[in-house]
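According to the numbering used here, the stretch in the sequence shown is residues 212 to 560, in order. A virtual CB, placed ideally from N, CA and C, is assigned to each residue, including glycine. All of these numbers come straight from a predicted model, not from anything done at the bench.
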Amino acid sequence: MFAYARTLALVAALGAAGSPFVACASEADDAFRAAAEHYAARDWQAACDDFARLLSIERDHPRANQARFHYGEALVQLKRYQDARGQFDALLENDPLDRYARQALYRSGEASFLAGDRAAARRQLQAFRQQHPDDELNAFALAYLGRIELDDGQPAAAEPLFTAAIERYPKSRLVDQCQWGQAEALAQQKRFEDARRGYQRLAEARGRFAEYALLRLAALDNDKAEYAAALAWLDRMSREFPQGALADKAALGRGYALYKLGRTPEAEVALAGLLSHDSQAVDAHYWLGMSQFGRKAWKESAATFAAGAAIDPRHRWNETLSYQAACALLNDGQFDAAAEQFDRVLVQW
């Protein structure tokens with residue numbers, strides 16, 4: 212989870228500040244004026260059409276690079292990131308010293324990131340940092356580069372990037388996102404206490420990452436077998452975010468913690484509510500089955516385990532669910548059914 216803010220204010224018009232458009236001298240000038248008007252009105256598709264018309268008429272028009280840059284900007288607004296990168300790169304190739312070249316280099320890297328081309332994004336954003344080390348856009352470049360490293364499974368490389376963004380640009384619109392990325396990078400390095408402090412800061416800030424931070428704090432405590440502490444975080448989460456986006460994950464964490472605390476009836480109520488949930492159903496079946504197994508409700512647990520195994524054969528719990536179903540059948544005295552289930556486990560795994 213990592214959101215990205217727009218990083219460049221949109222211009223109100225493409226002409227020089229305070230200079231009205233002059234009468235058209237050519238068809239290309241007419242296309243530029245029309246593009247400027249559509250751009251100022253945020254009619255992105257019409258602006259793109261007119262920018263493309265200008266460049267098809269006169270690729271070396273005096274305002275061709277200006278057109279390429281804002282053509283790319285309009286394409287970004289339409290989420291056509293690959294096409295946008297093409298315009299930014301064309302500007303850089305045409306004139307790497309153009310007044311829009313600095314922004315185009317950054318925008319090319321950003322568009323590559325948003326298009327999913329992380330290799331190109333890393334290359335362009337690193338080049339931007341090297342060429343423009345003091346530019347304010349590095350607040351965003353660092354955030355993107357940190358995210359790329361984190362997604363590539365390189366938390367030790369991601370952490371200093373997020374840290375640099377936080378320390379150098381403490382008032383950036385992405386500072387909370389960088390704080391989140393920093394905490395995630397620390398957790399992935401198993402520096403859990405450092406990560407905990409980061410999550411706590413985000414939780415106390417009560418911003419857009421607070422709900423996520425509370426869930427992470429609960430997960431850290433569940434992993435440490437501090438189940439009562441985990442429940443305290445989850446209780447706070449339910450109070451502060453009663454209709455939160457992570458309510459299903461919180462319910463699973465609650466069911467697990469209650470099960471581990473031996474509060475079986477409460478655990479089973481929490482888990483039963485997730486049995487038909489798209490993303491949490493398999494885990495809910497597993498822990499509900501374990502709770503039923505623990506109180507020797509063999510038939511119930513066998514049915515719960517079997518139902519969970521049938522949901523997704525590729526799920527990480529599938530082998531365990533099938534095995535536990537066989538164990539429950541065995542304990543219930545259903546020896547033939549248990550033997551068949553054990554045989555299926557042996558064949559499949």
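For this session: Could you pull out every residue in the same chain whose Cβ sits closer than 6 Å to the Cβ of PHE262, ignoring the five residues on either side in sequence?
Result: ALA246, ALA278 and TYR282
Exercise. Among the residues of its own chain, which have a CB less than 7 Å from the CB of GLN503, if the five just before and after it don't count?
Worked result: GLU511, SER512 and THR515
Problem set entry | Selection from CYS389, ASP387 and LEU431 that minimises the alpha carbon distance to PHE403 | LEU431
Exercise. Grouping DSSP H, G and I as helix and E and B as strand, with all else coil, what is ASP309?
Worked result: coil
Problem set entry | Rounded C-alpha distance that separates ASP489 from ALA394 | 28 Å
Exercise. What residue from TYR317, GLY364, ALA258 and TRP509 has the CA that sits closest to PHE243's CA?
Worked result: ALA258
For this session: Could you tell me if PRO366 is buried or exposed, where buried requires 16 or more neighbouring beta carbons within 10 angstroms of its beta carbon?
Result: buried
Problem set entry | Neighbour-count burial assignment, GLU422, 16 or more Cβ in a 10 Å radius | buried
For this session: Please say whether LEU303 and ALA312 have beta carbons closer to each other than 7 Å?
Result: yes
Problem set entry | Residues near ASP523 by beta carbon distance below 8 Å, same chain, minus five either side | VAL493 and ASN529
For this session: Can you grab the Cα-Cα spacing for the pair LYS507 / LEU425, in whole Å?
Result: 34 Å
Exercise. Can you tell me the Cα-Cα spacing of GLY320 and ASP254, whole angstroms?
Worked result: 24 Å
Exercise. Can you find at least 3 beta carbon pairs, one from the segment 325 to 343 and one from the segment 376 to 395, that sit closer than 8 Å?
Worked result: no
Exercise. Nearest to VAL386 by CA position, among GLY418, GLY364 and ALA301, is which residue?
Worked result: GLY418
For this session: Just mark VAL556 as buried or exposed, buried being the case when its beta carbon has 16 or more other beta carbons within 10 Å.
Result: buried
For this session: Could you tell me which of PRO453, GLN454 and GLN399 sits nearest to ARG427, measuring between CA atoms?
Result: GLN399
Exercise. Between the segment 327 to 334 and the segment 346 to 364, do three or more beta carbon pairs fall short of 8 Å?
Worked result: yes
Exercise. From ASP271 to CYS389, what distance separates their C-alpha atoms?
Worked result: 41 Å
Exercise. Mind pulling the alpha helix (DSSP H) runs of 4 or more residues that sit fully within the segment 303 to 379?
Worked result: 312 to 326, 329 to 342, 349 to 362 and 366 to 379
For this session: Could you tell me whether the Cβ atoms of TRP509 and ASN542 are closer together than 7 Å?
Result: yes
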